[in-house]
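Engineer: Dropping the structure in here first, questions after.
Numbering (this note's numbering), first residue to last: -18 to 663.
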């Protein structure tokens, strides 16, 4: 049976799979932004053809949810809340993205005020009913939304529902009885935590995405039902785990940043093979660069992220994104200076050298001009580039600057590397981590090309290019665990009775997880749990996520939590307030079923290389000079083989630059490890 992963990026759709014999196969084709499912289905047909009937598992990560938010292409959603809170999506927070801006415009909410309605009901902060639900008023409001506003989904976010979901569940039953085909999304199912605006924003976003994600996954499920009846479809979540598509159709917010999250998981798995614990991942594609810091083998998890300025209060892998990629456009600003990005050529028209009509130079065009990308080797020779088109657009932009096309090409690459270096500083230096102590894992179509240049700016001395870097996020899908993160707000002082209370809440959460995973076909005995508490000193406005061991928590209770939280606070902030009261804000449970590592084992075995290196001699332009360069085919390089720069290591889905005075060595599992030569380390 065939196990496959497909990751849809802004420029390319990537496929990697294990065939019937367990051999690794890959395929890459341009994405179809107007309807990403077209590219996915085309990729399945092109890659497997008649063998599609043998597909057993399909793991999928997609930009469809993220793009729908950025491009405002979701549905006509409505927002229903407690009387007095209709304006919450418009009011947002007083925080400003630029505190010095005189006029600061808040992001446009996904649901306008005209489709935001109130109902009479009220719970207090403990979840007790203060005012019962007015059901007649509710149904009148819903009738108007359906018949006048023609809404396609409704988000329900009632005050303090996270403490008592009874009113939200009653609202859903009433609406479903009258309009059974209308999607209804409850905040208690999406985000049962406090902070009303974040909960409302996340719930509204989930409703906004439900029809789109449902149609998208429905098309894929229909195609698989017709062509691969025995296959199961799994969807990547932003938290770093996969879930069956049936559990994802009404939770499109979980799919945000699923592709970058998959790449991080792949890096964690490969780093474990090599022995790296502290890693910075650099995923550079055609449109953007995604960067994540992994400390001690664990990627950072953030309790909240943003998409287009709108908060998403769901746990996700902490990834920084900057507008720098192979498709980043070069342009001249009002002051006559060369700029690169954040605007991108995307999949269409793409770089000028693709021949699809691009009229502005991109970093990819610059790399072709410099000779770092050889046109006949691009995508393993399946797509031949047009260097004359790259020359035309580079020359056109170079003239106003008074530069040669060669100088402009080098400058564009250096600016791109500088932007990426700044992105690495965001996740490392600005958070108290010295990047020199981390290995930089470069992947994506452009990460291997730019990795050593960015590392040189930060004095990073170890760059790792994992196997199949151009398809690495897809590879991460193959090795990701089934996983879901559960959160529950329950403000609890850390006192003598906390051990028993925490045990009771975690037991309830585990039962919820077991029931949900049972619906996915997973036995309770296969589930693994991780427990954590979001705690703070009383009076603080934000919490600190603190992993806990339930055994000492039950045995020692408050003393264990006091000791644990103060140590965690001191490690994070350099100080701890002894004597101050501590409180738990939310309980967090991670439930997961580990995925077999057969795919990773096969990939690392197959990536170790052959016995006879295939190397060609040539020349490239590098920082204003024409220098000798060796071109090596990666699949021909055996484990332990070393190649000094300047060198270009080519493979079907990516190209790796080994700059002068750097050496690339084929490490265990087929990864390339780039290090500066000793004379450059002083």
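Note that the Cβ used here is the ideal one computed from N, Cα and C, for glycine as well. In this text the structure is predicted, and so the values were computed from the model without any measurement.
(1) For residue 347, I'd like the list of residues in its chain whose CB is within less than 6 Å of its CB, leaving aside the five on either flank, ordered along the chain.
(2) Spell out the partners DSSP gives residue 9 in its beta bridges.
(3) Could you give the distance in angstroms between the alpha-carbon of residue 336 and the alpha-carbon of residue 386?
(4) Any idea which residues DSSP pairs residue 565 with across the strands?
(5) Tell me whether residue 147 counts as near the ligand GTP, meaning its Cβ is closer than 7 Å to at least one heavy atom of that ligand.
(6) The alpha helix (DSSP H) that contains residue 429, what's its start and end?
(7) Can you list, in chain order, the residues of its chain with a C-beta nearer than 7 Å to that of residue 529? Leave out the 5 residues immediately preceding and following it.
(8) Rounding to the nearest angstrom, what Cα-Cα distance links residue 103 and residue 176 in this structure?
(9) What does a CB cutoff of less than 7 Å around residue 230 pick up in its chain, not counting 5 residues either side in sequence?
(10) With 16 as the cutoff for other CB atoms within 10 Å, does residue 523 come out buried or exposed?
(11) In terms of alpha-carbon separation, which member of 325, 440, 293 and 479 lies closest to residue 178?
(12) Between the segment 284 to 303 and the segment 83 to 93, do three or more beta carbon pairs fall short of 8 Å?
(13) Does residue 662 pass the burial test, meaning 16 or more other C-beta atoms within 10 Å, or should it be called exposed?
(14) Among 145, 37 and 473, which has the Cα closest to the Cα of residue 567?
(15) Only counting runs of 3 or more residues, tell me where the beta strand (DSSP E) segments fall wholly within the segment 621 to 651, in order along the chain.
(16) Kindly indicate which three-state DSSP category residue 442 falls into: helix, strand or coil?
(17) Quick one, which of 189, 157 and 155 has its alpha-carbon nearest residue 171's?
(18) By the three-class DSSP mapping on this structure, what secondary structure does residue 593 have?
(19) Helix, strand or coil: which one does DSSP assign to residue 416?
(20) In chain order, what residues of the same chain have a beta carbon less than 7 Å from the beta carbon of residue 402, not counting five sequence neighbours either side?
(21) Considering Cα atoms alone, identify which of 114, 579, 505 and 585 is closest to residue 650.
(22) Under a three-way DSSP split, which group does residue 508 fall into?
(23) Return the residue from the list 237, 69, 128 and 536 that minimises the CA-CA distance to residue 139.
(24) So, with DSSP's three-state summary, where would you put residue 666?
(25) Can you tell which of 146, 133 and 173 has the C-alpha that lies nearest to the C-alpha of residue 163?
(26) Please classify residue 136: does DSSP put it in a helix, a strand, or coil?
(27) Report back the beta-carbon spacing between residue 418 and residue 235 to the nearest angstrom; my notes put them in contact at under 8 Å.
(28) Compare the C-alpha of residue 224 against each of 12, 494 and 486 and name the closest.
(29) When DSSP builds the beta bridges, which residues end up paired with residue 468?
(30) Candidates 129, 114 and 123: which alpha carbon is nearest residue 147's?
(31) Between the Cα of residue 451 and those of 207, 634 and -12, spot the shortest distance and give me the residue it belongs to.
(32) Reducing DSSP to helix, strand and coil, say where residue 145 ends up.
(33) Between the Cα of residue 552 and those of 526, 538, 564 and 536, spot the shortest distance and give me the residue it belongs to.
(34) If I follow the unbroken beta strand (DSSP E) through residue 366, where does it start and stop?
(35) Can you give the beta carbon distance from residue -12 to residue 243, rounded, assuming they're within the 8 Å contact cut?
(36) Which value, in whole angstroms, describes the spacing of the CA atoms of residue 369 and residue 334?
Structural biologist: The answer reads as follows:
(1) Indexing the chain shown from 1 puts residue 347 at position 366. Excluding positions up to five away in sequence, the list reads 390, 393 and 394.
(2) The count along the chain shown starts at 1 and reaches residue 9 at position 28. Residue 9 is bridged to -5.
(3) Translated into positions along the chain shown, residue 336 becomes position 355. Translated into positions along the chain shown, residue 386 becomes position 405. Near 19 Å, if we compare the C-alpha coordinates of residue 386 and residue 336.
(4) Position 584 of the chain shown, counted from the start, is the residue given in the question as residue 565. Answer is 473 and 516.
(5) Among the components of this structure there are no ligands whatsoever, and the ligand GTP is therefore not found.
(6) Taking the first residue of the chain shown as 1, we reach residue 429 at position 448. Per DSSP, residue 429 belongs to the alpha helix (DSSP H) from 428 to 439.
(7) Counting from 1 along the chain shown, the entry for residue 529 is found at position 548. Excluding residues within five positions, the ones whose Cβ falls inside 7 Å are 512, 513, 514 and 545.
(8) What you label residue 103 is simply residue 122 of the chain shown in a count that begins at 1. What you label residue 176 is simply residue 195 of the chain shown in a count that begins at 1. So the alpha carbons of these two residues sit roughly 16 Å apart.
(9) Position 249 of the chain shown, counting from 1, holds the residue named residue 230. Result list for residue 230: 194, 195 and 198, in chain order.
(10) Here residue 523 refers to the residue found at position 542 when the chain shown is read from its first residue. Classification of residue 523: exposed, given that the 10 Å Cβ count is below 16.
(11) If you number the chain shown from 1, residue 178 lands on position 197. Nearest of 325, 440, 293 and 479 to residue 178, Cα basis: 293.
(12) yes
(13) Residue mapping note: residue 662 aligns to position 681 of the chain shown, counting from 1. At residue 662 the pLDDT is 44, less than 50, meaning the model places this residue with poor confidence; the figure from the coordinates comes in the next sentence. The residue is exposed, with fewer than 16 neighbouring Cβ atoms inside 10 Å.
(14) Taking the first residue of the chain shown as position 1, residue 567 is located at position 586. When only C-alpha atoms are compared, the closest one is 473.
(15) 623 to 625, 628 to 632, 635 to 639 and 643 to 647
(16) As a position in the chain shown, residue 442 is number 461, starting the count at 1. Here DSSP, grouped into helix, strand and coil, assigns residue 442 to coil.
(17) Sequence index remark: in the chain shown, residue 171 carries index 190 (1-based). Looking at the Cα atoms, 189 is the closest of the given residues.
(18) On the chain shown, position 612 is the one that residue 593 refers to. Note: residue 593 maps to coil in three-state DSSP.
(19) Here the question's residue 416 lines up with position 435 in the chain shown. Of the three classes helix, strand and coil, the one that applies to residue 416 here is helix, per DSSP.
(20) Along the chain shown, read from residue 1 onward, the residue named residue 402 stands at position 421. Closer than 7 Å at the Cβ level, and outside the excluded window around residue 402, lie 435, 438 and 439.
(21) Locating residue 650 in the chain shown gives position 669, counting from the first residue. Distances from the CA of residue 650 to each of 114, 579, 505 and 585 were compared; the closest alpha carbon is that of 585.
(22) Working through the chain shown from its first residue, we reach residue 508 at position 527. DSSP places residue 508 in coil when its eight states are reduced to three.
(23) The residue given as residue 139 occupies position 158 in the chain shown. Answer by Cα proximity: 69.
(24) Given that the chain is displayed from residue -18 to residue 663, the structure contains no residue 666 and the question cannot be resolved.
(25) As a working mapping, residue 163 is identified with position 182 in the chain shown. Of 146, 133 and 173, the residue nearest in Cα terms is 133.
(26) Taking the chain shown and counting its residues from 1, the one referred to as residue 136 is at position 155. In this structure, residue 136 counts as strand in the three-state DSSP scheme.
(27) The count along the chain shown starts at 1 and reaches residue 418 at position 437. The count along the chain shown starts at 1 and reaches residue 235 at position 254. No, residue 418 and residue 235 are not in contact; Cβ-Cβ is about 33 Å, not under 8 Å.
(28) Taking the chain shown and counting its residues from 1, the one referred to as residue 224 is at position 243. Minimum Cα distance to residue 224 is reached at 494.
(29) Residue numbering aside, residue 468 sits at position 487 when the chain shown is read from its first letter. DSSP, once it has assigned bridges, lists 569 as partnering residue 468.
(30) Indexing the chain shown from 1 puts residue 147 at position 166. When each option's Cα is compared against that of residue 147, the closest is 114.
(31) Counting from one through the chain shown, the residue named residue 451 turns up at place 470. It is 634.
(32) One-based indexing of the chain shown puts residue 145 at position 164. Coil at residue 145, not helix or strand.
(33) As a working note, residue 552 is residue 571 in the chain shown. It is 526.
(34) Reading the chain shown from its first residue, position 385 is the one you call residue 366. First-last for residue 366: undefined, no H or E at that position.
(35) Position 7 of the chain shown, counted from the start, is the residue given in the question as residue -12. Position 262 of the chain shown, counted from the start, is the residue given in the question as residue 243. Confirmed, about 6 Å.
(36) Against the chain shown, residue 369 aligns to sequence position 388. Against the chain shown, residue 334 aligns to sequence position 353. Spanning the two alpha carbons is a distance of roughly 7 Å.
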